[in-house]
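Below is one structure; the comments refer to it alone.
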Amino acid sequence: MEQRERIIRQWFDMWLRAEDSGILDIFAPDCVYTESWGPEYHGAAQVRHWFEEWNTRGRVLIWDIRQFFHQGDQTVVEWYFKNRMQDGRVEEFDGISLIRWTADGKIAALKEFGCNIHTYDPYADGPTPRFRDEKISWF
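Quick note: the sequence shown uses the working numbering, first residue 200, plus one each step.
Structural data, given as structure tokens:
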């Protein structure tokens with residue numbers, strides 16, 4: 200468990216520093232990485248390319264780990280994420296990552312799930328729901 204948590208912390212820290220400190224060491228060569236909004240990367244080399252390319256367009260400001268859950272060859276990590284893109288857009292959301300590990304301790308698959316942090320009660324004013332008139336987030 201400690202080794203898995205160390206690897207996940209290393210991955211998050213790479214994003215915070217915008218520096219690859221071992222992507223090819225922590226991801227299996229044939230891994231699959233799925234972002235919460237749809238893009239999917241196949242293989243550690245493509246994960247590395249995405250990481251390097253993305254960091255030319257944006258900056259991760261916060262990626263805080265809240266808790267871990269482990270079962271068998273899987274780990275779930277709950278987190279809060281915030282970034283700023285070069286165009287000035289700021290994105291932030293809560294999320295979890297579901298991670299499946301190889302027998303030798305590398306990430307075989309990672310799938311992200313996001314949740315809007317701006318929650319509200321649509322029934323606050325009565326039995327008929329009142330939803331916010333806003334664009335639905337991409338996650």
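Virtual Cβ for every residue (Gly too), placed ideally from N, Cα, C.
Where residue 202 is concerned, there is no enclosing beta strand (DSSP E), although the alpha helix (DSSP H) around it starts and stops at 201 to 216. The residue among 321, 313 and 247 with its C-alpha nearest the C-alpha of residue 332 is 321. DSSP places residue 295 in the uninterrupted beta strand (DSSP E) bounded by 289 to 300. With contact defined as three or more Cβ pairs closer than 8 angstroms, the stretch 300 to 315 and the stretch 223 to 230 are in contact. When DSSP states are grouped into helix, strand and coil, residue 335 belongs to the coil group. Taking residue 294 as the centre and dropping the five residues before and after it, the same chain places the C-beta of 235, 277, 278, 279, 280, 311, 312, 313, 314 and 338 closer than 8 angstroms to its C-beta, in chain order. For residue 248, there is no enclosing beta strand (DSSP E); the residue is found in the alpha helix (DSSP H) stretching over 243 to 253.
Considering only 336, 253 and 205, the residue with the shortest C-alpha distance to residue 267 is 205. According to the DSSP assignment, residue 225 belongs to the alpha helix (DSSP H) that extends over 222 to 225. In this structure, the CA atom of residue 296 is about 14 angstroms from the CA atom of residue 238. Here DSSP, grouped into helix, strand and coil, assigns residue 236 to coil.
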